[in-house]
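Counting from 1, position 44 in the sequence shown corresponds to residue 67 in the numbering used here; the numbering is continuous, with no gaps.
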Amino acid sequence: MKDEITITVTDQTGILYTLICPLEMGLTLKDICKAYELPMEAMCGGMAICATCHCYVLNGMTSMGEKNDVEDALLSELFTSKETSRLACQVYLTAQMDGLSIEIAAN
């Protein structure tokens with residue numbers, strides 16, 4: 024069983040980051056982006072009420088669980104939402120997400 028995965032994150036300016044993510048801590052995508060000090064606002068701290076952790080899944084969408092109703096409703100209110108949009112605070116890192124690639128959406 025893996026104890027860490029590697030994901031890639033592209034910021035709003037096109038800079039690509041490779042993140043090594045521990046799995047035993049129960050972190051979300053938002054948590055790991057903040058830990059690496061990437062430019063993701065996440066103003067509500069992960070409460071799924073602000074959508075400032077909006078991201079696009081570039082590769083690996085099938086490795087994630089389904090959106091919950093709160094996440095789906097919040098994303099539906101965004102003008103920049105796409106089929107591959109997720110709220111990083113609602114996506115918990117799992118071993119299946121090794122190789123995941125996301126882009127932080129512009130707010």
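Ideal Cβ positions, reconstructed from N, Cα and C, are used throughout, including at glycine.
In this structure, A71 is the residue among K105, A71, E100 with its C-alpha nearest to the C-alpha of N91. Fully contained in the segment 37 to 91 are the following beta strand (DSSP E) runs of length 3 or more, in chain order: 39 to 45, 77 to 82.
Only buried fits I55, as 16 or more other CB atoms lie within 10 angstroms of its CB. Following the DSSP letters along the chain, one finds S108 inside the beta strand (DSSP E) bounded by residues 108 to 110. In the DSSP assignment, V32 forms a beta bridge with Y40, I125. In this structure, A74 sits near E100, with a CB-CB distance shorter than 9 angstroms.
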